[in-house]
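Asker:
There are 6 protein chains.
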Amino acid sequence: MHSELPPDHQHIDNQMVKMEVNLDDVSGEWLGYVIDLLFEQGANDVFYTPIYMKKNRPAILLQLLCSTKALPKMEEILFKETTTLGVRYYPLTVHRLERRYKIVTTEWGPVSVKEGILSGQVVQKSPEFEDCKKIAQHFNVPLKKVYEQVWKEVDLDR
Amino acid sequence: MHSELPPDHQHIDNQMVKMEVNLDDVSGEWLGYVIDLLFEQGANDVFYTPIYMKKNRPAILLQLLCSTKALPKMEEILFKETTTLGVRYYPLTVHRLERRYKIVTTEWGPVSVKEGILSGQVVQKSPEFEDCKKIAQHFNVPLKKVYEQVWKEVDLDR
Amino acid sequence: MHSELPPDHQHIDNQMVKMEVNLDDVSGEWLGYVIDLLFEQGANDVFYTPIYMKKNRPAILLQLLCSTKALPKMEEILFKETTTLGVRYYPLTVHRLERRYKIVTTEWGPVSVKEGILSGQVVQKSPEFEDCKKIAQHFNVPLKKVYEQVWKEVDLDR
Amino acid sequence: MHSELPPDHQHIDNQMVKMEVNLDDVSGEWLGYVIDLLFEQGANDVFYTPIYMKKNRPAILLQLLCSTKALPKMEEILFKETTTLGVRYYPLTVHRLERRYKIVTTEWGPVSVKEGILSGQVVQKSPEFEDCKKIAQHFNVPLKKVYEQVWKEVDLDR
Amino acid sequence: MHSELPPDHQHIDNQMVKMEVNLDDVSGEWLGYVIDLLFEQGANDVFYTPIYMKKNRPAILLQLLCSTKALPKMEEILFKETTTLGVRYYPLTVHRLERRYKIVTTEWGPVSVKEGILSGQVVQKSPEFEDCKKIAQHFNVPLKKVYEQVWKEVDLDR
Amino acid sequence: MHSELPPDHQHIDNQMVKMEVNLDDVSGEWLGYVIDLLFEQGANDVFYTPIYMKKNRPAILLQLLCSTKALPKMEEILFKETTTLGVRYYPLTVHRLERRYKIVTTEWGPVSVKEGILSGQVVQKSPEFEDCKKIAQHFNVPLKKVYEQVWKEVDLDR
Chain A
1 MHSELPPDHQ
11 HIDNQMVKME
21 VNLDDVSGEW
31 LGYVIDLLFE
41 QGANDVFYTP
51 IYMKKNRPAI
61 LLQLLCSTKA
71 LPKMEEILFK
81 ETTTLGVRYY
91 PLTVHRLERR
101 YKIVTTEWGP
111 VSVKEGILSG
121 QVVQKSPEFE
131 DCKKIAQHFN
141 VPLKKVYEQV
151 WKEVDLDR
Chain B
1001 MHSELPPDHQ
1011 HIDNQMVKME
1021 VNLDDVSGEW
1031 LGYVIDLLFE
1041 QGANDVFYTP
1051 IYMKKNRPAI
1061 LLQLLCSTKA
1071 LPKMEEILFK
1081 ETTTLGVRYY
1091 PLTVHRLERR
1101 YKIVTTEWGP
1111 VSVKEGILSG
1121 QVVQKSPEFE
1131 DCKKIAQHFN
1141 VPLKKVYEQV
1151 WKEVDLDR
Chain C
2001 MHSELPPDHQ
2011 HIDNQMVKME
2021 VNLDDVSGEW
2031 LGYVIDLLFE
2041 QGANDVFYTP
2051 IYMKKNRPAI
2061 LLQLLCSTKA
2071 LPKMEEILFK
2081 ETTTLGVRYY
2091 PLTVHRLERR
2101 YKIVTTEWGP
2111 VSVKEGILSG
2121 QVVQKSPEFE
2131 DCKKIAQHFN
2141 VPLKKVYEQV
2151 WKEVDLDR
Chain D
3001 MHSELPPDHQ
3011 HIDNQMVKME
3021 VNLDDVSGEW
3031 LGYVIDLLFE
3041 QGANDVFYTP
3051 IYMKKNRPAI
3061 LLQLLCSTKA
3071 LPKMEEILFK
3081 ETTTLGVRYY
3091 PLTVHRLERR
3101 YKIVTTEWGP
3111 VSVKEGILSG
3121 QVVQKSPEFE
3131 DCKKIAQHFN
3141 VPLKKVYEQV
3151 WKEVDLDR
Chain E
4001 MHSELPPDHQ
4011 HIDNQMVKME
4021 VNLDDVSGEW
4031 LGYVIDLLFE
4041 QGANDVFYTP
4051 IYMKKNRPAI
4061 LLQLLCSTKA
4071 LPKMEEILFK
4081 ETTTLGVRYY
4091 PLTVHRLERR
4101 YKIVTTEWGP
4111 VSVKEGILSG
4121 QVVQKSPEFE
4131 DCKKIAQHFN
4141 VPLKKVYEQV
4151 WKEVDLDR
Chain F
5001 MHSELPPDHQ
5011 HIDNQMVKME
5021 VNLDDVSGEW
5031 LGYVIDLLFE
5041 QGANDVFYTP
5051 IYMKKNRPAI
5061 LLQLLCSTKA
5071 LPKMEEILFK
5081 ETTTLGVRYY
5091 PLTVHRLERR
5101 YKIVTTEWGP
5111 VSVKEGILSG
5121 QVVQKSPEFE
5131 DCKKIAQHFN
5141 VPLKKVYEQV
5151 WKEVDLDR
């Protein structure tokens, strides 16, 4: 059950929720596992922030973005996989750009470049990390060189 | 005036508020003092996040969770004890598990284990830190050994 | 187009918004530039928090406070100057103190001290950083000595 | 070319080096890639710390531990895969415990528990994360439950 | 067995060691306990830094400063109270100022001010936190007001 | 008295020192000032790390890199401008790449690109931030677009 991808056109999404959990009695080992699980089960994003809690405790703030619909599933995972006794959440709005993909050709093969479009104007051009990583590993070249070549070939005229 | 504890049954609490203050002109010494004071005066939770503000300033984001009812008291403390000129806040919802305590017997004496129950299923079993700490200090054993023995004795059948 | 300053009397501001963006593919160099630009264009505050995202990525959470009116301008800058494909936001309330300025005289010249007043009681007295910095640089004295002298001269009787 | 594992007996290792690089113009995406590469090529440990550099730049301090022998290889990767123009390093000493493995049986199968031994006394008992993770994924149980059962079965008599 | 205080005259101390441990499988609860224990047993300073380790693990770098003489005791605590299998260390030099105490009188009673003296010149004047805290708690005044009054009364003529 | 720039050829520098100071009673405002001052007076690098110290204090670790020759000057500034009573330091080695500059032409004018050369091979190509920033500000274009055009024009053949 992967997260449904948001639509590709520019839109305002009012059905999003941010969840938060403070964790001072769970190890980093477990948290490295939980982040993947939450993504697999439908989270749009999950991230950790280092915080300091009472009694001199270094701790972690887990933040998670998901649709209202996914809230119960996410809560269940957080309660079962972490040590929290409470989960808090509040609604938020997301403004997403239109997304479009172009292909750029490098000496090692093609790479997708994701474009972000704001009211008809291309404002983002982002080489797909996984494409670049595969080339770097397969051809044993620095990842940096792959990106350099993609940036060299990307079309700036529009 | 300590924080009223939330009820022990599983519930959704809609009367909670998160407060936030950015602090770039207060020392860590003061902040170590303020966190205890806020807990004593009724905060449900308080924590610090390291942030970077303008003009190359390392700073602290103070976040505080409390009931709507406690908001004025918390604001007063923040204005009097920190250097802020503004406090921001927004409502949030907290989903809390049912809580129940069991006693586990170690060679050094009893330790409470807090259970968290989600829709009738025990999903959390958390040894009480203060019980374990007292044993570690009194018997001069590593805290880790106390926890290990508690985990050994905890009842997993349910 | 600088941010309109909030009024000087104590008030509750219900027209504020917090914006957030997660950034894992933008360099610190750019972020140091963007923070100044956002302030110039009307942000009330901007700050960075270190976060950890999926795939072992150290990243930055950009948070921005502005009035509802400034939201579209801020979004445009975030989309054009950072690499994000989505911006999220939610409303919040700000309780601001009454502000007033006093002048304190040091051996190197005058320094403004900003006072914050809560329901008629002065709770903050904050030497203006830029005044102190100018003195420190012009007279080649440690900034700390300038502050010490300001604190020495500040009027504690109210 | 994986890192040679340190010997299993308690020892003082004087042939270790810490390397450090400050990075303010590399993205989190790349750093998530580089950490794996450095481990594969022989680093004993690699970790990232959030730092703040000049010009309001949030940045990352990369720290790497390796043997003196692996230093040139690590330098080459850092220069080729990150954007740094300089790498710094200094020698350090590592005191390592004797290591030994025991097997614990859970309802889902066996799990290794790594023991750390200080001058003949077992001071660490650490369930192997990868074993527990495999069970959690294969049997679709919370990772927390796997650890709980391992802790229940671990032998505390020494 | 508290740490022996360093001498009060300005000096260069060449008998100091920094110890470091990376911790990704220990909870914040335990770390809040360990820091106090290490101070009690002779550490000159202990502090925690948030780090990111492999496999997406938020973790903690524990750093500890002590004299060469205290090294074995500190190692023993780290091995027994944390989960580490290795402790690393390296020598460093500390340049300490001459220290001297003065008494300042406030309306609530006396407060010590620690002076730091560099080659005969007073460069630090630091109100003793514990003195100010006791006054704040006993007289129920903001800690900030206590410091303000101390700074008002401190003698700037040297 | 600016820092003497290190030589442009690839070399191993054995005359470097790292200085460290823990700060829990100094504000972010002051630290934003001190970092600039340290650079002006000869530091090769200065950076801040968020740490947690005893008594629940969020604090800052200041780290500074300089030549052995600059050590006394740096110590003096740290003692006079911060609140520390002790400064610690230890020697380290820096391996620096050969550096060379090339000019790239954009539609808005020339931009320097710094090259880093490891044993004769160009491994770094870094657009000069200050050049790009000036163009972005003068022509009112996103900084990101300036970098994109520089990357498009940079010479990858070698």
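Protein chains in written order, with the numbering used here: chain A, 1 to 158; chain B, 1001 to 1158; chain C, 2001 to 2158; chain D, 3001 to 3158; chain E, 4001 to 4158; chain F, 5001 to 5158. Note that CB positions come from ideal geometry on N, CA and C, so glycine has one too.
1. Interface residues of chain A around Met1016/B at Cβ under 8 angstroms?
2. Does the distance from the CB of Lys5152/F to the CB of Trp151/A come in under 8 angstroms?
3. Under 8 angstroms between beta-carbons, which chain E residues line up against Gln3124/D? List them in chain order, please.
4. Which residues in the same chain as His1011/B place their Cβ atom closer than 7 angstroms to its Cβ, once the five residues preceding and following it in sequence are excluded?
5. Can you check DSSP and say which residues form a bridge with Thr3049/D?
6. Hey, how far is the Cα of Leu5071/F from the Cα of Leu5037/F?
7. If you reduce the DSSP assignment to three classes, tell me which class His5138/F lands in.
8. Shortest alpha-carbon distance to Leu3031/D belongs to which of Leu143/A, Pro110/A and Ile35/A?
9. If you compare alpha carbons, which of Val3141/D, Thr3105/D, Arg3100/D and Glu3130/D is closest to Gln3121/D?
10. Bridge partners for Lys144/A per DSSP, in chain order?
11. State buried or exposed for Pro50/A, treating a residue as buried only when at least 16 other CB atoms are found within 10 Å of its CB.
12. Considering only C-alpha positions, which residue in the set Gly4086/E, Thr4093/E and Lys4069/E is nearest to Leu4062/E?
13. Can you check whether the C-beta of Asn4056/E is within less than 8 angstroms of a C-beta belonging to chain A?
14. Counting contacts by CB-CB distance shorter than 8 angstroms, is Pro142/A in contact with chain D?
15. Compare the C-beta of Lys5152/F against all C-beta atoms of chain A and say whether one is closer than 8 angstroms.
16. Out of Glu2130/C, Ser2119/C and Val2034/C, point me to the one whose CA is closest to Pro3058/D's CA.
17. Measure from the C-beta of Tyr1048/B to each C-beta in chain F and report whether the shortest distance is under 8 angstroms.
18. Measure from the C-beta of Leu3031/D to each C-beta in chain B and report whether the shortest distance is under 8 angstroms.
19. Would you say Asp1024/B lies against chain A (beta-carbon separation less than 8 angstroms)?
20. For Val3026/D, which of helix, strand or coil comes out of DSSP?
21. Please name the residue in Val5113/F, Leu5118/F, Thr5106/F and Gln5124/F whose C-alpha comes closest to that of Ile5135/F.
22. Would you tell me roughly how many angstroms separate the C-alpha atoms of Gln137/A and Pro5091/F, rounded to the nearest one?
23. Under three-state DSSP, which class holds Asp4131/E?
24. For the candidate residues His5009/F, Ile5103/F and Glu5029/F, whose alpha-carbon lies nearest to that of Asp5155/F?
25. How is the alpha helix (DSSP H) around Leu3115/D delimited, first residue to last?
26. Using a Cβ-Cβ cutoff of less than 8 angstroms, which residues in the same chain neighbour Leu2023/C once the five nearest sequence positions on both sides are dropped?
27. Look at the Cβ atom of Lys4054/E, then the Cβ atom of Val3046/D, and state whether they are nearer than 8 angstroms.
28. By DSSP, does Leu5038/F sit in helix, in strand, or in coil?
29. Determine whether the Cβ of Lys2133/C lies closer than 8 angstroms to any Cβ atom of chain F.
30. Identify whether Pro3007/D lies in helix, strand or coil by the three-state DSSP scheme.
31. In the DSSP assignment, what are the bridge partners of Leu5124/F?
32. Sort out for me which residues DSSP pairs Asp3013/D with in a bridge.
33. Should Ile2012/C be flagged as near chain D, meaning a C-beta pair shorter than 8 angstroms?
34. By the three-class DSSP mapping on this structure, what secondary structure does Thr1068/B have?
35. Label Leu4078/E either buried or exposed according to how many other C-beta atoms from any shown protein chain fall within 10 Å of its C-beta, with 16 as the threshold for buried.
Answerer: The relevant details are as follows:
1. Arg88
2. yes
3. Phe4079, Thr4083, Thr4084 and Leu4085
4. Arg1096
5. Leu3061/D
6. 15 angstroms
7. helix
8. Leu143/A
9. Arg3100/D
10. Its beta-bridge partners do not exist; DSSP assigns none.
11. buried
12. Gly4086/E
13. yes
14. yes
15. yes
16. Val2034/C
17. yes
18. no
19. no
20. coil
21. Thr5106/F
22. 37 angstroms
23. helix
24. Ile5103/F
25. Checking the sequence, you will find Glu at residue 3115/D rather than Leu. Premise fails: Glu3115/D lies in the beta strand (DSSP E), Gly3109 to Leu3118, not in any alpha helix (DSSP H).
26. Leu2031, Ala2059, Ile2060, Leu2061, Leu2062, Thr2082, Thr2083 and Thr2084
27. yes
28. helix
29. yes
30. coil
31. It should be pointed out that residue 5124/F corresponds to Gln in this sequence rather than to Leu. In the DSSP output, where bridge partners are listed per residue, Gln5124/F has Gly5116/F.
32. Val3094/D
33. no
34. helix
35. buried
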